[in-house]
Amino acid sequence: MTAQPQKFYSEEEYLEMEREAEYKSEYYRGEIFAMAGAGHNHNRINENISIIVGNYLKGKSCRSYSRDLRVHIHENGLYTYPDFLIVCGENKFRDDKRDTLLNPVVIIEILSESTSDYDRGEKFRFYRSLTSLKEYVTVNSLSVSAEVFRKNEENDLWFLASDAYSLEESIMLSSVDLKLNMTDIYEQTEGILPVKF
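Now the structure itself:
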């Protein structure tokens, strides 16, 4: 048997197909990657964050989006769907379809067993190319764990700025001046264990 040649797509082909697709896919360097579905805890954490942050941002110049707003990173060509993001000031979109955002200030990814390594490694490296991005947050859906990575004032270095590994702790989103309590993030989740050191 001979291997089938790999099909590569242009950005325009990807966007045309993606806008009609029933399921979301990422795009990187001509390849399209189907995104996995999310489980109960992942969805519960996302909803909890959406409620807390959405209510907090009412009447402010920042707004939040959950799951379905695509982000494009021009510097490396990635198209992806963060679990949660915050934009401050004017939304900047790729085109007049207004479904591909270019300027998130905060991105939150909820880690699962299948995505944890990617979200904490290569995907975070991709996200760091976004000049607008000030904070990148990971929240674990399998154990009580959250980390906030922040860009320094010179915009040339990322560092771990805030972390929490128990329900009694909290994390801080400095770019929007919001403290998130772990008890609120993990409310109504099931079977999540504390991190063992």
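Everything in the sequence shown is counted per the UniProt record's numbering, starting at 1 for the first residue and increasing by one.
Even glycine gets a Cβ: it sits at the ideal position worked out from N, Cα and C.
Quick one: is Y23 buried, meaning 16 or more other Cβ sit within 10 Å of its Cβ, or exposed?
-> exposed
Between the C-alpha atoms of V176 and Y136, what's the straight-line distance to the nearest angstrom?
-> 13 angstroms
Leaving aside the five residues before and after F159 along the sequence, list all residues of the same chain whose C-beta is less than 8 angstroms from its C-beta, in chain order.
-> Hits under 8 angstroms: F149, R150, N152.
Based on Cα-Cα distance, which residue from L57, L142, R98, G30 lies nearest to Y186?
-> L142
Tell me whether V53 sits in a helix, a strand or coil according to DSSP, three-state version.
-> helix
Could you check which residue in P194, Y127, F8, T183 has the C-alpha nearest to that of Y81?
-> Y127
Which residues does DSSP pair with S143 in a beta bridge?
-> L193
Integer-rounded CB distance, given that I110 should sit under 8 angstroms from D68 | That pair is no contact at about 14 angstroms.
Is the beta carbon of C88 sitting closer than 8 angstroms to the one on S129?
-> Not in contact: C88 and S129 (Cβ atoms no closer than 8 angstroms).
So E190 packs on H40, CB below 8 angstroms; how close in whole Å?
-> 6 angstroms
Which runs of the beta strand (DSSP E) spanning at least 3 residues fall entirely within the stretch 30-76, listed in chain order?
-> Fully enclosed beta strand (DSSP E) runs of 3 or longer: 31-34, 62-66, 70-73.
Kindly indicate the opening and closing residues of the alpha helix (DSSP H) around L130.
-> No alpha helix (DSSP H) holds L130; DSSP gives it neither H nor E.
Just curious, the alpha helix (DSSP H) that E18 is in, first and last residue?
-> 11-20
Straight-line gap, L178 to E147 (C-alpha atoms, nearest Å) = 14 angstroms
Taking all protein chains shown into account, do 16 or more other C-beta atoms lie within 10 angstroms of the C-beta of N155, making it buried, or fewer, making it exposed?
-> exposed
Take the Cβ of A164 as the centre, count every other Cβ of all protein chains shown within 10 Å, and call the residue buried at 16 or more, exposed below.
-> buried
Tell me whether the beta-carbon of V105 lies closer than 8 angstroms to the beta-carbon of K134.
-> yes
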